[in-house]
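Working notes for the structure below.
Residue numbers (the numbering used here), protein chains in the order written: chain A, 243 to 476; chain B, 25 to 377; chain C, 16 to 322.
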């Protein structure tokens, strides 16, 4: 059953159209990875889904509700969460405050939610009161993801979670992503460094020049030699 | 007939003032419209120009004066050129430390500078006669034209009174022509500059300084040139004002009249468009004059009427910004997108690299 | 020698006026940080608060609040009540302004926004003049006796102690608010990254509203304190202080409310102490000199960080 459906979406920026009619579907419980070269429109797609960009045409449906062009704070309330690629934490806030902001729209006690995030990312639990601005890339990424999970989203969108991370941290991050998925969260990932991501994906889509040009199961894409040569760095 | 003459005389006076503001608007257009320099100190350059012209062309200090220097009684043209040069020099000195600043900082710096100039004008009586101002600034060719006209009318007692009235104001007509000539010359100069490579670099700097810098241009030098040239134009405006009003004091260059109204004129007329600058000057001055008439018929006290008129101008600006920020005559190159470029909120409005 | 002897007293005056500048500057810094532009109408917001406090005194009396000065201060409970009403009214006015005007310009060029605030400043100032006239309105005509503190060789009036105390209390309250409340954290988050704040689900329009309300409230209080200190108010009150306020804000680092507090005190003290050495006619230039120095040497301010 499709959780997120994207139909013929055309989107872009003030003077440039980047997506020329994209179709994509993400089913409940899946991990889907979008790969492709720079400029293919991967980040643009994420921003369009989440309402940071208004699509010029097409439809986006989440859980049978039309969310096309809805603003981010409305989209968040529907059960989607988004972790941008850069500037995805609040540097002058502490870890705990960053997480608390994730649950801004909720009233009441956040203790349980915080506990779950700290269980998922024990490193964060140790330094809750530390300012995020001074932390390493890996820790920031964990804070960003933890923040996104505070609302128990049904769909989590990650924009290049392993960008600028050392390889050992990359493994940790993807391990955590798998754990999150096991807990019942559907995950949509955009990745350039796609090998690790495809390993745990149910499906993978290849984007180029603003269109989805190829789709297959994760393992199949990994095994595909052409894809490997073109997009996975040989 | 008499009413007609009265109206005509008023219109001449109106046009002289509006034309002077047109000169100021052109100067601001060069600084802000072309180069994107946020200069809120227009009144400062305007005042420096006026005072320079007055001190160069005016009479030497007399017994009543607090002054110790100045008053060389030199010809009008020299005063005009001196006004431009001194205003430009002041702009140069100001520009050196401040032009590297960001827009809001430059704005605050220029406000402070205009204030400081006004304080100097107020306090340094040995040069400027302080708050008492400079009097008896001579108008160019006033003797021959005005007295010639009066003599002409007197020698013809059979002349219709309205015609005599019209002719005796001949000096105003002369001054109007003078202002018009200066305005047209400056307009042509500005138009030439706009189409020149120099003008193109200025616009490139306005749009994106970093890109301009990367193409090897010394951005700072260009900005300084624009500031100085714009200031020189404003100085000329000041000289025109001084020679017509014949009396100036620090209060003549209050931030409202000196700076803010020029900004409204440029924005309403069309930022980046020279014709727009002039059109804006005449339009806003017209509105200002109209409010004078209208409030005259309303039952308000004088301070209330004055305040109401200013409120109208303030609201006018807000309405323009909301409804038509590019002004009546938008900039010729279709760069409207650049005028209201979205803030950089991290929400990328341009494609990621 | 005589000049040096006056410094302790001038220091006192400086702390008093600096406290007022601090309160005024906090609003400017907050607006800059969260909305992204410098609000040149802030001074006139101060004046609005000052005038409304006077105007609403009869309302306080109607509500049965007792009048009469609370000795040794120069004002009483009715004044305090009137101040609270004025704060509410000023905040409402500014919130309306945002709703009707600034909200439509959220993505406008920041220079256009600044120019628009100059227009609003002008209109507001002249509205005050239209209603109340250009002549001074007196907060109190009684002469308040200064208390002499022999050990330090200074005199200070009870009202002045009140001014400093209020400023300290408000600064503390603001700190607690920003640090520990949900909206305070949301404001800090939004000022870090507005786009991410929206993505997180923070209602940025509500954050903006709070920013205006806090800024306007502090401005109203600062305006009233100015009236207490000077004994009278005129419509020009705010605009005259604007340069000093901006000097304070930039000195402390524009966008940093704590910097505004530090900057306010430094500018206030500098302005007052300078009168021992240079003519009072140039006092406004002191703020400007500080401003230029900061912009040349360290534009990000003492407590600022690179944006």
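Note that the Cβ used here is the ideal one computed from N, Cα and C, for glycine as well.
Just so you know, these numbers come straight off a predicted model, no measurement behind them.
With a threshold of 16 other beta carbon atoms within 10 Å, residue 234 (chain B) falls short and is exposed.
With contacts defined as CB atoms closer than 7 Å, residue 428 (chain A) and residue 271 (chain A) qualify as a contacting pair.
From the listed residues C:254, C:30, C:81, the smallest Cα separation to residue 181 (chain C) is found for C:30. With respect to the 7 Å criterion, residue 305 (chain B) and residue 289 (chain B) are classified as neighbours on the basis of their beta carbons. Of all residues in the region 121 to 142 of chain C, only 121, 122, 123, 124, 125, 126, 127, 128, 129, 130, 131, 133, 134, 135, 136, 137, 138, 139, 140, 141, 142 place a beta-carbon less than 9 Å from a beta-carbon of chain B. For the region 46 to 76 of chain B, the set of positions with a beta-carbon nearer than 7 Å to some beta-carbon of chain C reads 62 in chain order.
Between the region 388 to 398 of chain A and the region 312 to 325 of chain A there are three or more inter-stretch CB-CB distances shorter than 8 Å, so the stretches are counted as touching. Taking C-beta atoms under 8 Å as the contact rule, residue 262 (chain C) and residue 282 (chain C) qualify, at a distance of about 5 Å.
In the three-state DSSP reduction, residue 44 (chain B) falls in the helix class (H, G or I). Per DSSP, residue 129 (chain B) is one residue of the alpha helix (DSSP H) stretching across 127 to 147. Runs of alpha helix (DSSP H) with 4 or more residues, each lying fully within the region 168 to 226 of chain B, are found at 172 to 178, 185 to 192, 194 to 219, listed in chain order.
DSSP, read as helix, strand or coil, puts residue 301 (chain A) in strand. With contacts defined by Cβ atoms closer than 7 Å, residue 336 (chain A) and residue 371 (chain A) form a contacting pair.
In terms of beta-carbon proximity, residue 315 (chain C) stays away from the interface with chain A, with every pair separated by 7 Å or more. When the five nearest sequence neighbours on each side are left out, the beta carbons in the same chain lying within less than 7 Å of the beta carbon of residue 25 (chain C) are those of 287, 288, 290, 291, in order along the chain. Secondary structure note for residue 308 (chain B): it is in no beta strand (DSSP E), and the uninterrupted alpha helix (DSSP H) holding it is 298 to 321.
In this model, residue 298 (chain C) and residue 280 (chain A) are separated by some 58 Å (Cα to Cα).
Considering only B:132, B:128, B:134, B:135, the residue with the shortest C-alpha distance to residue 125 (chain C) is B:128. For a Cβ distance threshold of 7 Å, residue set 203, 207 of chain C lies close to residue 334 (chain A), ordered along the chain. Between the region 436 to 453 of chain A and the region 259 to 278 of chain A there are three or more inter-stretch CB-CB distances shorter than 8 Å, so the stretches are counted as touching. Secondary structure at residue 49 (chain B): helix, using DSSP grouped into helix, strand and coil. For residue 334 (chain B), the closest of B:229, B:309, B:28 by C-alpha to C-alpha distance is B:309. Relative to residue 388 (chain A), the option among A:367, A:373, A:405, A:376 whose CA is nearest is A:367. Spanning the alpha carbons of residue 260 (chain A) and residue 39 (chain C) requires a straight line of approximately 46 Å. The beta-carbon of residue 327 (chain B) is placed less than 7 Å from the nearest beta-carbon of chain C.
A distance below 8 Å between beta-carbons, with the five flanking residues on each side excluded, links residue 331 (chain B) to no residue of its chain. Against chain C, the beta carbon of residue 323 (chain B) has no neighbour under 9 Å; the closest one sits roughly 13 Å away. Taking residue 116 (chain B) as reference, the option from B:245, B:94, B:189, B:229 with the minimal CA-CA separation is B:245. Under DSSP, residue 258 (chain A) takes part in a beta bridge, and its partners are A:255.
Interface criterion met: the Cβ of residue 339 (chain B) is under 7 Å from a Cβ in chain C.
By the neighbour-count definition (other C-beta atoms within 10 Å, threshold 16), residue 468 (chain A) is an exposed residue. One finds 265, 310, 314 in chain C with Cβ atoms closer than 8 Å to the Cβ of residue 129 (chain B), taken in chain order. Under the three-state reduction of DSSP output, residue 412 (chain A) falls in the helix class. Where residue 354 (chain A) is concerned, there is no enclosing beta strand (DSSP E), although the alpha helix (DSSP H) around it starts and stops at 353 to 362. Assigned with DSSP and collapsed to three states, residue 58 (chain B) falls in helix. Within the region 45 to 64 of chain C, contact with chain B at the beta-carbon level (separation under 9 Å) is assigned to 47, 51, 52, 53, 55.
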